[in-house]
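Notes to accompany the following structure.
2 protein chains.
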Amino acid sequence: MDMQKAAGSGESEGIDRTAFEPVYAQLVNILRRQVASGFLRPGDQLPSEAQLCRRYGISPMTVRRAINILVDQGIVVAEQGRGTFIRPVELGTASFQLQRLQELFEDDPRNTVRLLQARIMAADERTAAKLQVAPGQRVIYIRRLILACDEPTLCHVEYVVYDPARPVVEAEMDVTALRGLFGGAGATMLKHGDLSVEATLLTEEEAALLQASRPAAAFRIEHLFFDFDDRPVSWGWFICRSDRLRFTSRLGLRGAE
Amino acid sequence: MDMQKAAGSGESEGIDRTAFEPVYAQLVNILRRQVASGFLRPGDQLPSEAQLCRRYGISPMTVRRAINILVDQGIVVAEQGRGTFIRPVELGTASFQLQRLQELFEDDPRNTVRLLQARIMAADERTAAKLQVAPGQRVIYIRRLILACDEPTLCHVEYVVYDPARPVVEAEMDVTALRGLFGGAGATMLKHGDLSVEATLLTEEEAALLQASRPAAAFRIEHLFFDFDDRPVSWGWFICRSDRLRFTSRLGLRGAE
DNA sequence: CACTATAACTTCCCTATAGAACTATATAAG
DNA sequence: CTTATATAGTTCTATAGGGAAGTTATAGTG
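As you go down the protein sequences, you meet chains H and C in turn. Residues in the first sequence are numbered from 329 upward in steps of one, following our numbering. Residues in the second sequence are numbered from 329 upward in steps of one, following our numbering.
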């Protein structure tokens, strides 16, 4: 091979057979770096699989595996018979991680959950529709206040289907059970859930709880969880001061990496 | 094989060699259905790779590929030497697709972008910091109003680095160029970007533009885009009435699918 | 010029196999 | 009873190769 590129950018890297990092992962990172450094730009064609095999001295399956990873990371798009190309940055691929919210329910002593109210009541029209029960049927009504580092951060309102046969109910009454709803042991009761985020104004009561002055804007994160029979179990929403919790996302590749 | 499960659930499915769907994808869907139907539940162990090979009569590499897909879909977690297990529903895996937002910039005749203001000005303290330029340096200030189906939906404020050498600038002044920023041809100029969502109150001016009565809450989606030298190109934010655009997400698997 | 056939190249799918690395369990020795 | 050791089971990595399906460009034919 005589023809070489400028060789200044990222062409020079190779595979380290002694490294702990698997070969396919090394190739993924090499190509990611070539994209991040601008050596490969959106629309550019990747070297063909056969070329990559020769260039790095690895087997076709290993190359394919690396490229597959890049494909479902959304970094490249492969077109059969044509080639593999770098994808431009798109907005549709943005996803917001909710780990910040998740952390609030971890076993951190600085985070506390205060039970404000818990009683059994008759479901009103809207609640009955959401939980797919008859209006007037008894449901459990729960209100909580979540504090992070002793600062009131979240308000939570939740309606749970009342079913003595279901053991979830008892645990749900517990103050700490909310952690179980999200990732703890109790999550094994839930098959799936829907989330929906909107912006809303704080009510007078919510503002008092969250120690905010009105008028103020806040996130309203509505949730609806189902059991393994696809029947609704729990419906409710979080009210969250925007300055206490922010959703961020990154499009494309970062610079260093 | 004599030992059979209840056989009512999802155990009975097999691989269709004549189908268009690849074998590995068929296996992915079979296992997904077994999770969705409750035949496999969080914490349960998947059959081992060798067992799946025998059960479905396919090669180990194909089974591995299917399992890898399930792993990075977040449906199962594989532990070396132990086994592969169904993951419980977790909040951290939630991601909000922004395709609804993306659609606003598509080539739809019902969506129009109205340029309200565009002029060159000196960067104030905050803008200069975001764009990494000296305070007082000239930047381009743009305000737009985006209408979906003739309803005012989004306000957009944007500051763009003023650099005559950069061809982006001229195009950016164009009213329709905003589409290019997100997924169009212009996106090839951008390497990556940061997004951040918060809840905010509408200002008097914003309320007038969006035909809302105050006080009202809205999303504020801040964006910061970088070029291939990792230098900021554009900083700004969208103001969006919450009832016109909502972010939804699903945790776990849906029922039908 | 228009159209077709061919060849070269690409990605894609699947198989078969070998070993490495890790974990749990049963067994033997102290 | 505790502690090593062996063994079987698991996932994980990597190799080599065969064929299918799609694209593109070229050469040939009408």
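Here a beta-carbon is modelled for each residue, glycine too, at the ideal position from N, C-alpha and C.
Three-state secondary structure assigned by DSSP to residue i
i      : result
R586/C : Within the shown structure, residues of chain C are numbered from 329 to 585, placing residue 586/C beyond reach of any answer.
A325/C : The structure shown does not extend to residue 325/C, since chain C is modelled only from 329 through 585, so no value can be given for it.
T412/C : strand
P388/H : helix
R466/C : strand
R454/H : helix
Q425/H : coil
I397/H : helix
A545/C : strand
I448/H : strand
Q373/H : strand
L538/C : helix
L355/H : helix
E431/H : helix
R360/C : helix
R345/C : coil
L518/H : coil
L459/H : helix
E500/C : Note that E500/C scores 49 on pLDDT, short of 50, meaning its location in the model is unreliable; the coordinates nonetheless yield the value given after this. DSSP places E500/C in helix when its eight states are reduced to three.
Same chain only: Cβ atoms within 7 Å of residue i, ignoring 5 sequence neighbours per side
i      : result
E526/H : R548
A456/H : A462, P463, Q465
T528/H : A546, R548
L552/H : K458, G521, D522, P560, W563
P388/C : E377, C381
E341/C : I358
G409/H : none
Own chain partners of residue i with C-beta closer than 6 Å, once the 5 adjacent residues on each side are dropped
i      : result
G580/C : V417
V391/C : E377, L380, C381
D330/C : With a pLDDT of only 37 at D330/C, under the threshold of 50, the placement of this residue in the model should not be trusted, and no figure is reported.
I343/H : V351, Q354, Y384
Q465/H : A451
E453/H : P463
L538/C : P480, R569
A406/C : V399, T412
L419/H : none
Q373/H : G411, F413
R438/H : C477
Bridge partner(s) assigned by DSSP for residue i
i      : result
S524/C : T576/H, E550/C
L475/C : T440/C, P480/C
I403/C : For I403/C, which the question treats as bridged, DSSP gives no partner whatsoever.
V488/H : I468/H, S562/H
L529/C : A545/C
Whole-angstrom C-beta distance between residue j and residue i, which should lie under 8 Å
i      : j      : result
S577/H : E550/H : With a Cβ gap of about 20 Å, S577/H and E550/H do not count as contacting.
Y487/C : L459/C : 6 Å
L573/H : T440/H : Not quite, the Cβ-Cβ distance comes to about 16 Å (not below 8 Å), so this is no contact.
I403/C : R415/C : 6 Å
F566/C : H484/C : 5 Å
L473/C : L444/C : 6 Å
Own chain partners of residue i with C-beta closer than 8 Å, once the 5 adjacent residues on each side are dropped
i      : result
R345/H : V351
A535/C : S541, R542, A544
I448/H : R466, V467, I468, Y469, Y490
A347/H : Q354
R393/C : Y352
A446/C : I468, Y469, I470, R471, M501
P375/C : R383
Residue i CB to nearest heavy atom of the ligand SAH below 8 Å
i      : result
R382/H : Summarising the ligand content, the structure contains no ligands, and the ligand SAH is consequently not present.
In chain order, what residues of the segment 520-533 of chain C put their CB closer than 8 Å to some CB of chain H? So the list reads H520, G521, D522, L523, S524, V525, E526, A527, T528, L529, given in the order they occur along the chain.
If contact means a Cβ-Cβ distance below 7 Å, which residues of the segment 550-584 of chain C contact chain H? Within the segment 550-584 of chain C, the residues whose Cβ lies closer than 7 Å to some Cβ of chain H are F556, D558, S570, R574, F575, T576, S577, R578, L579, G580, L581, R582, G583, listed in chain order.
Residues of the segment 405-417 of chain C with Cβ closer than 8 Å to any Cβ of chain H, in chain order: Against chain H - using a Cβ distance shorter than 8 Å - the residues of the segment 405-417 of chain C are P416, V417.
Positions along the segment 535-548 of chain H whose CB lies within less than 8 Å of some CB in chain C: If you check each beta-carbon in the segment 535-548 of chain H against every beta-carbon of chain C, the ones closer than 8 Å belong to P543, A544, A545, A546, F547.
Which residues, in order along the segment 350-381 of chain C, keep a beta-carbon less than 9 Å from a beta-carbon of chain H? Cβ contacts with chain H come from V363, A364, S365, G366, R369, P370, G371.
Which of the residues in the segment 452-478 of chain C, read from start to end, lie with their CB under 9 Å from any CB of chain H? Of all residues in the segment 452-478 of chain C, none has a C-beta nearer than 9 Å to a C-beta of chain H.
Given a limit of 9 Å on CB to CB distance, which residues of the segment 389-400 of chain C reach chain H? For the segment 389-400 of chain C, which is checked against every Cβ of chain H, the residues closer than 9 Å are M389, R393, N396, I397, D400.
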